[in-house]
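Under full-length UniProt numbering, the first residue of the sequence shown is numbered 1, with each subsequent residue one higher. All residues carry an ideal CB built from backbone N, CA and C; glycine is no exception.
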Amino acid sequence: LALPGNCLRSNIFRDAALPEACWQLCLYPGGKRLENANNVSLFLKMSSTSPTREVRIKVEYRFYFLNDNDQALFSNVNVGEFHAKPPKGGHSWGLRNIPRQKVSAAMDYQF
1 LALPGNCLRS NIFRDAALPE ACWQLCLYPG GKRLENANNV SLFLKMSSTS PTREVRIKVE
61 YRFYFLNDND QALFSNVNVG EFHAKPPKGG HSWGLRNIPR QKVSAAMDYQ F
């Protein structure tokens, strides 16, 4: 069983249309916090590519959990305003309480 707070992070990725930002997915198979322990948590984190520049970006983002046949077992669309301010430089939006049973078939992770 995955413990709350254990995070699996994607590689950092970028969008050529937004060179001032870089992105990372943060998946918590056991939930982000103890109160989310029976769920999966998933966040999109934005960071500034500059250690001194403040960045504000409003984006639409979509989360999907797909099975082996590329069928969506869970999907969610949101709009978030990301704000990265030095020195911390990161901001994330996401979902804390995705029902585990909705995504377990799409994950190669043992709950």
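Residue from the options with nearest C-alpha to residue i
i: P99; options: S75, H83, V55, E81; result: S75
i: Y61; options: Q101, L25, R9, A16; result: L25
Local Cβ density within 10 Å of residue i, reported as buried at 16 or more and exposed below that
i: A84; result: buried
i: V103; result: buried
i: F111; result: Because F111 carries a pLDDT of 48, less than 50, the predicted location of this residue cannot be relied on, and the following value inherits that uncertainty. Classification of F111: exposed, given that the 10 Å Cβ count is below 16.
i: C7; result: exposed
i: K45; result: buried
i: F13; result: exposed
i: A105; result: exposed
Same chain only: Cβ atoms within 6 Å of residue i, ignoring 5 sequence neighbours per side
i: G80; result: W93
i: L34; result: P4
i: R96; result: K32, N36, S41
i: Y28; result: C7, S41
i: S48; result: V55, A84, G89
i: T52; result: P86
i: C22; result: I12, R14, S47, T49
Cut-off 8 Å between Cβ atoms - residues of its own chain near residue i, not counting five sequence neighbours on either side
i: P19; result: T49
Which runs of the beta strand (DSSP E) spanning at least 3 residues fall entirely within the UniProt domain "MATH" (1-111), listed in chain order? With a minimum length of 3 residues, the continuous beta strand (DSSP E) runs that stay inside the UniProt domain "MATH" (1-111) are 21-28, 39-48, 55-66, 72-84, 90-99.
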